[in-house]
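Report on the structure given below.
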Amino acid sequence: MENMYCLRCNRPIESGQKSVAVYLFAQTVGIKPRQKSAAQRICFCPQCSVSLAMGPPPEGALNLAAWDMIRDLVASDPALNQAAWENLGAVLGTLPPTGTAGPRLSATSGGYFEF
Ligand SMILES: [Zn+2]
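Here is the structure:
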């Protein structure tokens with residue numbers, strides 16, 4: 081198995097780890113001989129999947145199609161939300177509780193939380 085990384089946050093995703101995989105391939109229609117591209121697998125970690133689904137629609141028709149599919153998964157069963165929640169809890173568990181002198185999440189996690 082090749083090493084996969086979350087497309088959005090670059091977190092490594094080991095095989096069997098909870099994640100969302102988007103499979104993408106192209107094939108010719110009405111043209112002989114029919115050609116089919118290799119399939120690409122794009123992965124999102126649970127947090128990014130839920131975050132994307134809760135966020136505004138992205139730009140671009142392909143992005144929008146993927147967003148719709150991820151929203152469908154997130155909306156249809158709480159298991160993915162639960163996985164995201166567990167991962168987030170594991171990260172927060174390594175930080176001091178809110179209200180202590182320790183660093184706050186917003187200061188240390190960097191990147192994609194913007195207020
Ligand atoms: Zn991610």
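Under my numbering, read the sequence shown as residues 81 to 195, first letter to last. Ideal Cβ positions, reconstructed from N, Cα and C, are used throughout, including at glycine. As the structure is a computational prediction, the values presented were derived from the model and not from experiment.
Within a Cβ cutoff of 7 Å, which residues of the same chain sit near residue i, ignoring the five residues on either side of it in sequence?
i	result
Arg114	Gln107, Thr108
Ser131	none
Leu168	Gln127
Leu144	Pro137, Pro138
Just the Cα atoms here: how many angstroms apart are residue i and residue j?
i	j	result
Cys89	Ala118	25 Å
Gly96	Glu139	30 Å
Cys123	Trp165	18 Å
Val100	Thr174	25 Å
Ala159	Lys98	10 Å
Arg91	Trp147	19 Å
Leu87	Lys112	34 Å
Phe105	Arg121	9 Å
Glu94	Leu142	26 Å
Asn83	Lys116	24 Å
Ignore the nearest five residues each way along the sequence and tell me which others in residue i's own chain have a CB closer than 6 Å to its CB.
i	result
Asn161	Val130
Tyr85	Pro92
Quick one: what's got a C-beta closer than 8 Å to residue i's C-beta in the same chain, skipping five residues either side?
i	result
Ile150	Val100, Val102, Phe124, Ser129, Leu132, Ala133
Suppose only complete runs of 4+ residues qualify. What are the alpha helix (DSSP H) ranges in the region 107 to 179, listed by chain order? 126 to 134, 141 to 156, 159 to 172
When you get a sec, list the residues whose CB is within less than 7 Å of any heavy atom of ligand 1, chain order please. Cys86, Arg88, Cys89, Arg91, Phe124, Cys125, Gln127, Cys128
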